Every structure is written in C-alpha cells, then in structure tokens.
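For reference, the structure is listed below as structure tokens.
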Amino acid sequence: MKYCTLCGVPFTRSLNEAWIENVRAVWIEGTSWNRTAVSGVGRWGEYDDDPCVPVPADRQTRYDSHSGPGPTIEMGLTPSNPTVYLNPDVADEPWGYGFHESCWSIFTKNYKPNLDVLFAACLSMPTDTNTLLDWGHGYAGASSVKQQLDMPIRSSCFRSLEAIPQTFRSDPYHVPGLVNAINGAARLQNDFLSQLEPTVQSLQSDSFSRLVPELLQAIVIHLPTSDVRSLRLASPVFATLELSERFWASRFQPGHEFEHLPGVHDRPPESWRVLYLSLKIWARGISRQMSVSFVDTAAGRFISGFNMIDEHDRSHALGYQHGNVMWRISLPLDEPIQGWELAMDLSGIKRIAAVQSDGKLTSWAGESAGLPRWRLKEAQGVSAVKAEFDALKLVSISRDKLPN
1 MKYCTLCGVP FTRSLNEAWI ENVRAVWIEG TSWNRTAVSG VGRWGEYDDD PCVPVPADRQ
61 TRYDSHSGPG PTIEMGLTPS NPTVYLNPDV ADEPWGYGFH ESCWSIFTKN YKPNLDVLFA
121 ACLSMPTDTN TLLDWGHGYA GASSVKQQLD MPIRSSCFRS LEAIPQTFRS DPYHVPGLVN
181 AINGAARLQN DFLSQLEPTV QSLQSDSFSR LVPELLQAIV IHLPTSDVRS LRLASPVFAT
241 LELSERFWAS RFQPGHEFEH LPGVHDRPPE SWRVLYLSLK IWARGISRQM SVSFVDTAAG
301 RFISGFNMID EHDRSHALGY QHGNVMWRIS LPLDEPIQGW ELAMDLSGIK RIAAVQSDGK
361 LTSWAGESAG LPRWRLKEAQ GVSAVKAEFD ALKLVSISRD KLPN
C-alpha cells in the first residue's frame with residue numbers, strides 16, 4: 001500500500017472516494033537529478049498493493065480529460081528501498097513520491113515549490129516497510145511511532161481501510177461547510193468600533209491623523225488581527241477607520257488566521273468581512289440547557305459543537321452538531337452560569353462542565369481521561385459565548401459578562 005506524502009492517507013479505490021484515488025507524482029525526469037518534474041493526475045489501480053500507478057506525463061492533463069490523458073508513465077511510488085535507485089541511470093522504471101491531487105493543490109496554492117529540493121527532502125526522510133514517510137509528525141493522527149526490532153518506526157494507525165475514520169476520508173480541498181459559508185453568509189451588523197464618534201480634538205492629537213487613508217489601510221492589512229484590535233483601541237484614527245474588503249480578504253492569506261482555507265480563493269465570497277465573521281460564531285442569552293456534540297478522530301473524541309437553550313426556549317447552536325454523539329448538561333434555572341471548566345490537549349477540547357454561581361461544577365460532558373483542566377469564569381454571569389472551530393472540532397471558547 002502506498003501513502004500520500006502530505007497527509008499520510010493511502011491511495012485506494014476501495015473507499016469509493018474520488019479524491020483518494022487521484023494521484024500526482026514528483027519524480028526524476030530522465031537521468032539527471034536536477035530534472036525533477038511533477039506528473040499529471042492519474043487514478044490509482046484496482047489493487048491496493050500495486051507498486052506503480054499510471055500517470056500522465058504532462059502535468060496539465062488528467063486521466064479523465066475529454067481529450068485523453070496523452071502519454072502516460074507507469075510510476076513507482078516511494079520505493080521501500082530507495083538506495084537501489086540512487087543513480088537515476090540504473091533505475092528500471094520511473095519512480096517518485098505520490099500526492100493526492102487535493103493535497104497537492106493545497107500544498108501549491110500560495111507558492112511554487114522547488115521540485116528538486118522537495119524530492120531531495122522526501123528522499124532524506126526514513127520510511128517504514130509500507131513506505132510511509134516519517135516527517136517527524138503524526139499526520140494529524142493518521143500515524144504513530146511503534147517499536148519494531150527495538151527501532152522506532154512510524155507506521156499507519158489504520159489496520160485496515162475500513163478503520164479509516166470519516167474525517168480522514170473527507171476531501172481536504174473541497175469542504176462543504178466552507179462552501180456553505182461562502183454562499184450563505186448574510187450581512188452582519190457593524191461591530192461596535194464602527195459606531196465610535198471621537199471628538200475632532202482627539203483625532204487631531206493622534207499622530208496617525210497625518211497619514212492618508214490608503215497608508216492606514218496598508219498598515220492594518222500587514223498586521224495580525226490581534227494587533228489591529230489593539231491599535232483600534234489605542235488610536236482614535238484607527239478606531240474610526242472602516243476596514244476594507246482588502247483587509248478582510250487578507251485574513252485568508254498566508255500568515256493570517258484563515259490561511260488554511262485555500263478553497264475560498266477559487267470561489268471568493270460576496271463579502272470577505274461577512275465570511276470572516278461567520279467563522280467566528282457568537283451566541284447570546286442566558287442558557288438553561290446545553291447539549292454537547294462530539295466527533296471521533298484518530299486522535300480521540302473531541303467536542304465538535306454545542307446547542308444551548310435560553311430562558312425563552314430558543315436554541316443557539318454553535319459548531320458542528322452530531323445527534324448520535326451528544327451529551328446533555330442541565331444548567332441552573334435561576335441565574336446564569338459563570339463559565340466553564342475544560343479538559344483539553346494540544347489538538348482541541350475533549351471535555352466540558354459549566355461553573356455555577358456557587359463555584360460548583362455541573363455534570364461533565366466528554367471523556368474522563370487525565371487531561372489538563374482549565375477554568376474559564378468571572379464573578380459575573382455569562383451573557384455571550386464566542387467559539388472558534390477548525391474543520392472538525394472546537395478549538396477555542398471565550399465568554400462575555402452580564403452588564404452591571
């Protein structure tokens with residue numbers, strides 16, 4: 001079985017997922033090490049243990065092109081003993097390193113990799129007996145290090161194709177939830193900063209008032225969002241600056257918080273601001289009941305979202321709802337909760353309980369593993385919840401206060 005160089009998921013037809021079947025190869029073209037090329041898009045064969053895959057020689061073509069794939073190459077992927085191929089002159093067949101087409105599209109979305117360096121880097125990485133490259137990480141839960149003959153070897157976590165969780169079977173380049181966010185985002189009200197009306201005197205005393213608006217916009221585009229927030233709090237000029245669509249679009253560029261969503265540039269939204277704010281979800285109202293949804297991944301079970309019922313029996317859903325994996329927490333009826341206690345690891349939040357006004361905890365929702373716990377509470381009750389999610393699960397939660 002052969003594995004994708006980037007995501008660690010195998011190439012196969014058995015899962016009936018088109019993206020897992022589609023493969024590109026980075027290989028040595030000819031007999032010179034400095035002639036590294038990338039192939040067109042081929043389709044994995046009928047048998048999972050095939051060592052080779054037919055790929056178009058032209059990187060611009062696909063196996064299913066209307067005009068045909070053109071010349072194809074039987075490409076050997078990630079040989080288990082690459083030392084026998086160190087001299088391209090003596091290789092019996094073309095060979096290289098495979099990528100799912102979706103993974104390659106993500107990898108090359110914002111820059112053009114140096115193929116010679118990429119091939120040399122792949123060649124430098126150790127492999128297991130099944131040709132899974134060891135980059136020093138766990139492929140987000142798809143692999144783990146096991147001892148074989150007293151040697152640490154990185155191997156796939158999946159004992160069979162059927163054991164691969166749905167999260168690893170989903171196309172990483174085409175995310176339905178992101179498409180829905182782009183197509184269905186509604187216009188949101190302006191944030192409170194846009195309602196500020198500083199005095200003329202405060203504006204004139206601000207050193208930034210000497211700069212033209214175009215330069216002010218250029219400054220915020222290059223700053224991290226957290227620094228922009230601080231700047232708007234410190235400077236009346238920046239507080240009244242209307243953030244342009246270019247600014248909101250820049251949040252999806254490399255170096256900013258949503259750089260991991262390359263698909264948005266293929267189908268740009270009507271409003272970048274609306275899309276950005278729709279990915280940072282707020283729910284308001286005093287909750288009376290809370291249902292917590294979970295998602296199972298190779299790294300364990302994580303909170304994927306929750307649904308809160310307020311004092312008016314209105315539902316406020318945040319994140320991804322999975323009715324088949326849901327825990328319910330009853331909240332006090334007479335007063336708001338003060339916050340939460342969370343059990344979390346580096347990948348996300350795995351367990352949650354609400355903190356009541358007397359400091360006691362409600363029942364827990366989630367696994368009871370011995371994880372570090374963090375308490376998020378204030379003396380005043382919670383009136384607003386802010387949650388942030390990656391493509392699968394809850395990764396951040398914060399709270400507001402009730403007004404005095």
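Each step along the sequence shown adds one to the number in full-length UniProt numbering, with nothing skipped, and position 290 is 290.
Each residue gets a CB set at the ideal place from its N, CA and C atoms; glycine is no exception.
Every value quoted in this text rests on a predicted model; they were computed, and no experiment measured them.
| Query | Result |
| --- | --- |
| Ordered along the chain, which non-local residues of its own chain (more than five positions away) have a Cβ less than 8 Å from that of Lys350? | Gly300, Arg301, Phe302, Ile303, Ala343, Met344, Gly366, Glu367, Ala369 and Leu371 |
| Just checking my contact of Ala25 with Gly98 at CB under 8 Å: how many whole Å lie between their CB atoms? | 5 Å |
| From what residue to what residue does the beta strand (DSSP E) around Glu21 run? | No beta strand (DSSP E) contains Glu21, which is instead part of the alpha helix (DSSP H) from Ala18 to Glu21. |
| Taking the DSSP output, what are the residues bridged to Asp296? | Arg301 |
| Looking at Gly348: is its Cβ nearer than 9 Å to the Cβ of Leu376? | no |
| Beta carbon of Cys103, beta carbon of Leu6: below 9 Å? | yes |
| Under 9 Å between the Cβ atoms of Glu341 and Leu318? | no |
| If you reduce the DSSP assignment to three classes, tell me which class Thr36 lands in. | strand |
| Express the C-alpha separation of Arg62 and Ser398 in angstroms, rounding to a whole number. | 46 Å |
| Quick check: Asp116 and Asn34, are their CB atoms within less than 9 Å of each other? | yes |
| Does DSSP put Thr12 in a helix, a strand or coil? | coil |
| Would Phe252 pass as a contact of Glu242 if the rule is Cβ separation under 9 Å? | no |
| For Lys2, count neighbouring C-beta atoms within 10 Å of its own C-beta (all shown protein chains included) and say buried if the count is 16 or more, exposed if not. | buried |
| Could I get the ranges of all uninterrupted beta strand (DSSP E) runs contained in the stretch 45-121, with 3 residues as the minimum, in chain order? | 52-56, 72-77 and 95-100 |
| State buried or exposed for Gln166, treating a residue as buried only when at least 16 other CB atoms are found within 10 Å of its CB. | exposed |
| Tell me the DSSP secondary structure of Leu132 in three-state form. | coil |
| With 16 other CB atoms within 10 Å as the buried threshold, where does Leu188 fall? | Note that Leu188 scores 38 on pLDDT, short of 50, meaning its location in the model is unreliable and no value can be drawn from it. |
| Please classify Pro224: does DSSP put it in a helix, a strand, or coil? | coil |
| Which residue from Trp272, Arg232, Ser363 and Ala379 puts its Cα closest to that of Ser244? | Trp272 |
| Name the two residues that bound the continuous alpha helix (DSSP H) containing Arg251. | That residue, Arg251, is in no alpha helix (DSSP H); it is neither H nor E in DSSP. |
| Can you tell me where the beta strand (DSSP E) holding Arg375 begins and where it ends? | Arg373 to Lys377 |
| State the DSSP-derived secondary structure class of His316, mapped to helix, strand or coil. | strand |
| Leaving aside the five residues before and after Phe107 along the sequence, list all residues of the same chain whose C-beta is less than 8 Å from its C-beta, in chain order. | Leu6, Phe99 and Pro113 |
| CB-CB under 8 Å to Gln289, same chain, minus the five flanking residues each way: which ones, in chain order? | Met308, Ile309, Arg328, Ile329, Ser330 and Leu331 |
| Kindly list the residues whose CB is nearer than 8 Å to the CB of Asn190, restricted to its own chain and excluding five residues on each side of it in sequence; keep chain order. | Any reading at Asn190 must be qualified, since the residue scores a pLDDT of 37, below 50, and its modelled position is unreliable; no value is offered. |
| Where does Val220 land, buried or exposed, given buried means 16+ other C-beta within 10 angstroms? | buried |
| Are Gly263 and Tyr320 closer than 9 Å when you measure CB to CB? | no |
| Leu261 and Leu392 look like a contact to me (Cβ under 8 Å); what is the Cβ gap, rounded to whole Å? | Contact doesn't hold; Cβ gap of about 14 Å is too wide. |
| Between the alpha carbons of Ala186 and Lys386, how many angstroms are there, rounded? | Low confidence applies to Ala186: its pLDDT is 43, below 50, so where it sits in the model is not reliable, and the reading given next is rough at best. Computed Cα separation, rounded: 18 Å. |
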